[in-house]
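Asker: Heads up: the sequence shown begins at 192 in our numbering, then just goes up one per residue.
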Amino acid sequence: MAAPRIDLHLHTTSSDGALAPADLVARAAAAGLTVISVTDHDTLAGLDSARDAARQRGMRLIDGIEVTAVEAGRDVHVLGYFFDPAYQPLAVFLGRQREARIARVRQIGERLELLKCPVDVAAILAEAARHPGRSVGRPSVADALVAAGHAVDRRDAFDRLLGTGGPAFVPRCGPTVAEVVDVIGAAGGITSLAHPGLTRVDADLPRFVDAGLAALEARHRDHSPATEAHYRALAAVLGIAVSAGSDFHGLGDRDELGDISLDAGDLAALEALVPRRRVAADATPGAGAE
Ligand code: AMP
Ligand code: ZN
Ligand code: FE
Ligand code: FE
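1. Can you tell me whether residue 470 is buried or exposed, with buried defined as 16 or more other CB within 10 angstroms of its CB?
2. Could you give the residue range of the beta strand (DSSP E) that holds residue 270?
3. Which term fits residue 355, buried or exposed, when burial requires 16 or more other beta carbons within 10 angstroms of its beta carbon?
4. Just to confirm, does residue 401 get its C-beta within under 6 Å of one of the non-hydrogen atoms of ligand 2?
5. When you compare the region 370-381 with the region 327-341, are there three or more beta-carbon pairs, one atom per stretch, that lie closer than 8 Å?
6. Whose C-alpha, out of 255, 193, 442, 399, is nearest the C-alpha of residue 223?
7. Pick out the complete alpha helix (DSSP H) segments inside the region 215-272, 4 residues or longer, and give them in chain order.
8. What does DSSP give as the partner residue(s) for residue 433 in the beta ladder?
9. Count the other CB atoms within 10 Å of the CB of residue 325; is the residue buried (16 or more) or exposed (fewer)?
10. Does the region 403-411 come within contact of the region 434-443, defined as at least 3 CB pairs closer than 8 Å?
11. Just to confirm my understanding: we take residue 465, look at its own chain, exclude 5 residues before and 5 after, and list those with CB closer than 6 Å. What are they?
12. I'd like to know whether the C-beta atoms of residue 485 and residue 308 end up nearer to each other than 7 Å.
13. At the level of alpha carbons, what is the spacing between residue 425 and residue 431?
14. Taking only heavy atoms of ligand 2 into account, decide whether any of them is closer than 6 Å to the Cβ of residue 411.
15. Restricting to Cα atoms, I'd like to know which of 396, 209, 228 is closest to residue 427.
16. Excluding the 5 residues flanking residue 359 on each side, which residues of the same chain have their C-beta closer than 7 Å to its C-beta?
17. Check whether the Cβ of residue 194 lies closer than 6 Å to any heavy atom of ligand 3, and answer yes or no.
18. Buried or exposed for residue 244, going by 16 or more other Cβ atoms inside 10 Å?
19. What did DSSP end up calling residue 480 once you bin it into helix, strand or coil?
20. Identify which residue in 263, 231, 320 has its Cα closest to the Cα of residue 270.
21. Please report the distance separating the alpha-carbon of residue 323 from that of residue 236.
22. Under three-state DSSP, which class holds residue 399?
23. Since residue 226 contacts residue 201 with CB under 8 Å, what's their CB separation in whole angstroms?
24. Looking at residue 319: is its Cβ nearer than 7 Å to the Cβ of residue 327?
25. Note down, in chain order, each residue of its chain lying with its Cβ closer than 6 Å to the Cβ of residue 455, except the 5 sequence neighbours on either side.
26. Tell me which residues share the same chain as residue 366 and place their Cβ nearer than 6 Å to its Cβ, disregarding the 5 neighbours each side in the sequence.
27. Closer than 6 Å to a non-hydrogen atom of ligand 4 - does that hold for the CB of residue 257?
28. Please report the distance separating the alpha-carbon of residue 313 from that of residue 207.
29. Have a look at 209, 321, 268 and flag the residue whose alpha-carbon is nearest the alpha-carbon of residue 404.
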């Protein structure tokens with residue numbers, strides 16, 4: 192039997208990806224992937240249709256998410272896996288994350304108006320509101336800037352206006368990594384620090400591991416072999432697992448599927464860290480205290 196092809200970091204139209212969940216799964220199947228996780232930003236909205244599509248194709252879908260945490264004013268993306276998507280406190284937590292995203296997009300819109308690069312923020316929010324649970328963010332604003340002729344493409348919009356420290360940048364408030372680890376853990380899942388080579392919080396990793404972080408996303412589209420080796424070694428020293436993902440958004444050029452894969456042994460090591468039956472225990476009235 193062919194070795195499984197495993198990609199645990201994929202985006203859909205539920206956040207800032209270009210493909211609807213079912214279309215993403217079709218693309219993943221065509222690319223030879225057999226185990227995937229849909230990890231949209233701060234939403235679980237794409238999971239049901241992705242799961243159905245994966246089942247139809249005999250693929251395995253691991254429930255996933257990419258949550259934006261904030262540490263010392265900087266965004267830190269935390270991937271969550273194997274949680275119970277029906278766990279209500281997680282839904283409440285993510286609802287707050289999406290509300291904060293909406294407020295931030297409004298503030299960015301005000302900045303852009305002052306900068307004489309106005310975009311129709313109401314239209315962005317109305318479009319998102321047509322799809323329950325869809326999360327908005329700077330990529331939607333970037334697309335509107337392109338459509339309005341104020342930027343050439345998403346990258347240009349980030350480089351000149353929306354990126355950290357840019358003229359239309361609005362700092363974010365949000366949960367710490369430890370708070371994200373807690374809520375995913377309470378939902379029965381585990382967490383992996385997304386693209387550590389881009390986020391560059393190596394000095395904070397022991398603290399995150401103390402808080403319960405289970406893995407580092409050592410293999411990622413934007414990691415060189417040396418960066419991957421660095422994070423594999425760091426994960427080993429810290430006594431945690433590794434994950435891998437393409438961070439596919441379906442936007443063309445360097446965005447490809449099928450070439451980034453986690454080894455089956457690494458997936459088994461990751462899955463071995465999932466707290467068994469934690470959710471069932473928490474759901475029992477009177478249980479849950481440890
Ligand atoms: P937000 O969550 O609203 O702060 O937007 C951050 C998202 O924008 C990231 O998850 C990326 O998908 C995307 N992004 C960040 N920087 C860039 C960039 N320079 N060019 C294009 N997309 C970017
Ligand atoms: Zn994204
Ligand atoms: Fe990310
Ligand atoms: Fe991502």
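Glycine included, every Cβ here is placed at the ideal spot set by N, Cα and C.
For clarity, every value in this text was computed on a predicted model and none was experimentally measured.
Answerer: According to the structure shown:
1. In the sequence shown, counting from the first residue as 1, residue 470 sits at position 279. With a pLDDT of 47 at residue 470, under the threshold of 50, the modelled position of that residue is not reliable, and no figure is offered here.
2. Counting from one through the sequence shown, the residue named residue 270 turns up at place 79. Per DSSP, the unbroken beta strand (DSSP E) holding residue 270 starts and ends at 265-272.
3. Within the sequence shown, residue 355 is the residue found at index 164, counting from 1. Classification of residue 355: exposed, given that the 10 Å Cβ count is below 16.
4. Sequence index remark: in the sequence shown, residue 401 carries index 210 (1-based). Residue 401 Cβ: outside cutoff for every heavy atom of ligand 2.
5. no
6. As a position in the sequence shown, residue 223 is number 32, starting the count at 1. The shortest C-alpha separation from residue 223 is found at 193.
7. 238-247
8. For this step, residue 433 is matched to residue 242 along the sequence shown. According to DSSP, which records beta bridges pairwise, residue 433 is partnered with 407.
9. Locating residue 325 in the sequence shown gives position 134, where the first residue counts as 1. Residue 325 is buried by the Cβ-count criterion.
10. yes
11. Within the sequence shown, residue 465 is the residue found at index 274, counting from 1. Closer than 6 Å at the Cβ level, and outside the excluded window around residue 465, lie 273, 381.
12. As shown, the chain starts at 192 and ends at 481. That puts residue 485 outside it, with no answer to give.
13. Taking the first residue of the sequence shown as position 1, residue 425 is located at position 234. Taking the first residue of the sequence shown as position 1, residue 431 is located at position 240. Each residue's Cα considered, the two are about 9 Å apart.
14. If you number the sequence shown from 1, residue 411 lands on position 220. No, ligand 2 has no heavy atom inside 6 Å of this Cβ.
15. As a first step, residue 427 is located in the sequence shown; it is residue number 236 there, counting from the start. Measuring from the Cα of residue 427, the nearest candidate turns out to be 396.
16. Residue 359 sits at position 168 when you count from the first residue of the sequence shown. Answer for residue 359: 299, 302, 303, 306, 352, 353, listed in chain order.
17. Within the sequence shown, numbered from 1, the residue matching residue 194 stands at position 3. No - ligand 3 has no heavy atom lying nearer than 6 Å to the Cβ of residue 194.
18. Taking the first residue of the sequence shown as position 1, residue 244 is located at position 53. Answer is buried; the Cβ neighbour count reaches 16.
19. Here residue 480 refers to the residue found at position 289 when the sequence shown is read from its first residue. Residue placement at residue 480 is poorly supported in this model, since its pLDDT is 40, which falls under 50; the coordinates are not used for a value here.
20. The residue given as residue 270 occupies position 79 in the sequence shown. Nearest of 263, 231, 320 to residue 270, Cα basis: 231.
21. For this step, residue 323 is matched to residue 132 along the sequence shown. For this step, residue 236 is matched to residue 45 along the sequence shown. The alpha-carbon atoms of residue 323 and residue 236 are separated by roughly 7 Å.
22. Counting from one through the sequence shown, the residue named residue 399 turns up at place 208. Residue state, collapsed to three classes: helix.
23. Start at 1 with the first residue of the sequence shown, and residue 226 comes out as number 35. Start at 1 with the first residue of the sequence shown, and residue 201 comes out as number 10. No, residue 226 and residue 201 are not in contact; Cβ-Cβ is about 11 Å, not under 8 Å.
24. To locate residue 319, count along the sequence shown from 1; it is residue 128. To locate residue 327, count along the sequence shown from 1; it is residue 136. Contact flag set, yes.
25. Counting from 1 along the sequence shown, the entry for residue 455 is found at position 264. Cβ neighbours of residue 455 beyond the five flanking positions: 195.
26. Reading the sequence shown from its first residue, position 175 is the one you call residue 366. Cβ neighbours of residue 366 beyond the five flanking positions: 260.
27. As a first step, residue 257 must be located in the sequence shown, where it is residue number 66. Flag set: Cβ of residue 257 near ligand 4.
28. In the sequence shown, residue 313 corresponds to position 122, counting from 1. In the sequence shown, residue 207 corresponds to position 16, counting from 1. Going from the Cα of residue 313 to the Cα of residue 207 covers about 17 Å.
29. Position 213 of the sequence shown holds residue 404. Nearest to residue 404 by alpha-carbon distance, out of 209, 321, 268, is 268.
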